[in-house]
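S.K.: Residue numbers (our numbering): 136 to 781. For each residue, glycine too, the CB sits at the ideal point set by N, CA and C.
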Ligand code: WTA
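Below, the structure is given as structure tokens:
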């Protein structure tokens, strides 16, 4: 077991929660959750009307409800209420694609822009409860349009800029979005991303989409469809900077965010107003030990849950200065994050292990060039962090003076569930350590028995609800129940494996279902397989994960070709192209092997266990293969795997 690291002195000095406080507060949060969350709800949120009941949850019905009867405006909490005391404080620092391309918005500026945008949405007929799709790069308009939706009670569905036209179309259709917000182009390092063209293909022939609003990020001209498409800049000029906040019920939807699961198409994870805002603001304050004067930089993309919760809603609800970063960690070189940190005097920095690995491999000179003395807290999220990457982050970036917070959570959980608290919990590299307040993790074996005590491994579940938990799968409540509550009655099933060590620390081992975590992006193997078959050259495909130095998990695809045994370069290109078209470049396989057949049981089930081992290069002991319909196929796959391009 790796060694544990004490809390650095300068972290300890300022921390809200000190070593002795954690156990006591945790006990209280578990023994009387309603009292605990009720107290925090009074402290963190301005309510228009108080609740009748703090929580009303029943996993046997997949029912999750918090603060019912209460009313609030999320946008008011993130903007208006700060105007009096923090009107001139910077709310958003935006660092563009080019180093030093900076724009800042005070809370007053942001309030004005959000009001104008909200009025624009209203002028285009968007009403409370309508769904709005947002397909934007990391520009201020992304945060502004989300808050504008919240202000008028519309439900946003942000779609990550790396998804293809087909993916956008599926998402728009699933939640029947009436309006789409995009930009003419996006900028990422040296590339221009044709966002508007992609949206044009996505919405072509869709009846539900009435309007497409377009930001001008570059000079590029794009085709504007008469009667449907409008330039945002031009429209905003006529909009008033005053717009009242729509007052919402605590359990009204706030947003939908699609995420991949084991089977079928991505699910629309639905989060609501009150509980989500409370949970993200409370965790933002305590997990990052956020103080009023801190500059906070979460380097995630807002297209994923991390950006929703910890760039936009949590920090703004707390009146923080939050930094939005448009570029990538290696542009113009591997020192970019540290350049940003030193110029903006960032105190809290939050990124993914994949980014840490990518820049660590370029050498420490990219870090040492910059003055990083402002840093106090360093966070990671998205995948297990390997010890080397953790130590590099701790020593080279943090100079052993910063707390590392390895935060475990999911799109479904809304906010962080297992994490160190910087001032209270000594860390161990690779462990997300202890549950946050109100969270009761449990580890079960495959029969659903709860494994009590320490030194146990199994499936990670959560026993009771917390305010940030998702409420349903949009339009399919049965799927919500089936996916999370049917396996182990009375528990929320996370899909991850975990170990609890002798000190009660949690070690997340990764997914146990058919979800891959590629560079911190969540992808379903079923989705990738169906995209591969879409290429037309493949009869059947099986996709598994394989270890990858930078991405954490790479994509390994076994493909059975139609009408022939061996494929050529053209087939490879067709397969990759199909995946890019159906899902997006993030899902492109790292490794494609043509195989004569897939290892299937007599009942026709693909034995993925074997395929995972072969992809790892671990072909010595494949376990029991006697139940296979045709065991000889395994030898052929092994032989082929030795020559495949990796
Ligand atoms: C994985 C991202 C280990 C995990 C916020 C989870 C992690 C999935 C960690 C959710 C961590 C996230 N250590 N694994 N600190 N954080 N994961 O929905 O497998 O994009 O189930 O949410 O990422 O990914 P999602």
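What three-state label does DSSP hand residue 291 in the structure shown?
M.R.: Three-state result, residue 291: strand.
S.K.: Jot down the residue ranges of each uninterrupted beta strand (DSSP E) in the segment 346-375, minimum 3 residues, whole runs only, in chain order.
M.R.: Counting only runs of 3 or more, we get 346-350, 364-366.
S.K.: For residue 321, write down the residues that DSSP places opposite it in a beta bridge.
M.R.: DSSP lists 328 as partners of residue 321.
S.K.: With three or more beta-carbon pairs closer than 8 Å as the criterion, would you say the segment 398-418 touches the segment 599-606?
M.R.: Yes: at least three Cβ pairs fall under 8 Å.
S.K.: Specify the secondary structure class of residue 592 as computed by DSSP and reduced to three states.
M.R.: Strand, per DSSP.
S.K.: Residue 298 by DSSP, collapsed to three states: which one?
M.R.: Three-state DSSP puts residue 298 in coil, outside helix and strand.
S.K.: Please list, in chain order, all residues of the same chain as residue 619 whose beta carbon is under 6 Å from its beta carbon, the five residues on each side excluded.
M.R.: Counting only Cβ-Cβ distances below 6 Å, and skipping sequence neighbours, we find 627, 628.
S.K.: Report the rounded CA-to-CA distance for residue 376 versus residue 243, giving the unit in angstroms.
M.R.: About 11 Å.
S.K.: Is residue 181 closer than 8 Å to residue 382 when the C-beta atoms are compared?
M.R.: Result no, Cβ atoms of residue 382 and residue 181 do not sit closer than 8 Å.
S.K.: Less than 7 Å separating the Cβ of residue 576 from some heavy atom of the ligand WTA?
M.R.: False, no ligand heavy atom lies under 7 Å from that Cβ.
S.K.: Look at residue 372 and residue 352 and say whether their C-beta atoms are less than 8 Å apart.
M.R.: Contact flag unset, no.
S.K.: For residue 621, count neighbouring Cβ atoms within 10 angstroms of its own Cβ and tell me buried if that reaches 16, exposed if not.
M.R.: Residue 621 is exposed by the Cβ-count criterion.
S.K.: With distance defined between alpha-carbon atoms, name the residue in 640, 776, 349 nearest to residue 365.
M.R.: Out of 640, 776, 349, 349 has the C-alpha closest to the C-alpha of residue 365.
S.K.: Roughly how many angstroms lie between the CA atoms of residue 149 and residue 425, to the nearest whole one?
M.R.: Approximately 10 Å between the Cα atoms of the pair.
S.K.: Is residue 646 near the ligand WTA, judged by its Cβ being under 7 Å from some heavy atom?
M.R.: Residue 646: yes, Cβ under 7 Å from the ligand WTA.
S.K.: What residues in its chain sit with their C-beta under 6 Å from that of residue 475, if we drop five residues either side in the sequence?
M.R.: Cβ neighbours of residue 475 beyond the five flanking positions: 230.
S.K.: By a C-beta neighbour count over all protein chains shown, 10 Å radius and 16 as the cutoff for buried, is residue 385 buried or exposed?
M.R.: So residue 385 ends up on the buried side.
S.K.: Residues in the same chain with beta-carbon distance under 6 Å from residue 562, minus the five sequence neighbours each way, listed in chain order, please.
M.R.: Around residue 562: 140, 539, 555.
S.K.: Have a look at residue 658 and residue 534 and give me their C-alpha separation to the nearest angstrom.
M.R.: Distance between the alpha carbons of residue 658 and residue 534: 35 Å.
S.K.: If you draw a straight line from the alpha carbon of residue 592 to that of residue 584, how long is it in whole angstroms?
M.R.: Residue 592 and residue 584: Cα-Cα distance of roughly 12 Å.
S.K.: For the alpha helix (DSSP H) containing residue 419, list its first residue and its last residue.
M.R.: 409-422 is the extent of the alpha helix (DSSP H) around residue 419.
S.K.: State the Cα-Cα distance for the pair residue 718 and residue 272, rounded to the nearest angstrom.
M.R.: Near 17 Å, if we compare the C-alpha coordinates of residue 272 and residue 718.
S.K.: So, helix, strand or coil for residue 229, using DSSP?
M.R.: Residue state, collapsed to three classes: strand.
S.K.: At what residues does the alpha helix (DSSP H) containing residue 159 begin and finish?
M.R.: Per DSSP, residue 159 belongs to the alpha helix (DSSP H) from 156-166.
S.K.: Pick from 753, 446, 615: whose alpha carbon is nearest that of residue 682?
M.R.: If we check each option's Cα against that of residue 682, 753 comes out closest.
S.K.: Assess contact between the segment 313-329 and the segment 255-266, defined as three or more Cβ pairs (one per stretch) separated by less than 8 Å. Is contact present?
M.R.: As far as the Cβ criterion goes, the segment 313-329 touches the segment 255-266, which means the pair count is three or higher.
S.K.: Can you tell me which residues form a DSSP beta bridge with residue 692?
M.R.: DSSP, once it has assigned bridges, lists 678, 727 as partnering residue 692.
S.K.: Just to confirm my understanding: we take residue 417, look at its own chain, exclude 5 residues before and 5 after, and list those with CB closer than 7 Å. What are they?
M.R.: Same-chain partners within the cutoff: 175, 179.
S.K.: Around the Cβ of residue 624, are there at least 16 other Cβ atoms within 10 angstroms (buried) or fewer (exposed)?
M.R.: Exposed: under 16 other Cβ atoms inside 10 Å.
S.K.: Any heavy atom of the ligand WTA closer than 7 Å to the CB of residue 440?
M.R.: Yes, the Cβ of residue 440 comes within 7 Å of a heavy atom of the ligand WTA.
S.K.: To the nearest whole angstrom, what separates the beta carbons of residue 566 and residue 505, a pair I think is in contact under 8 Å?
M.R.: Contact doesn't hold; Cβ gap of about 29 Å is too wide.
S.K.: Excluding the 5 residues flanking residue 254 on each side, which residues of the same chain have their C-beta closer than 7 Å to its C-beta?
M.R.: These residues qualify, in order along the chain: 374, 375, 378.
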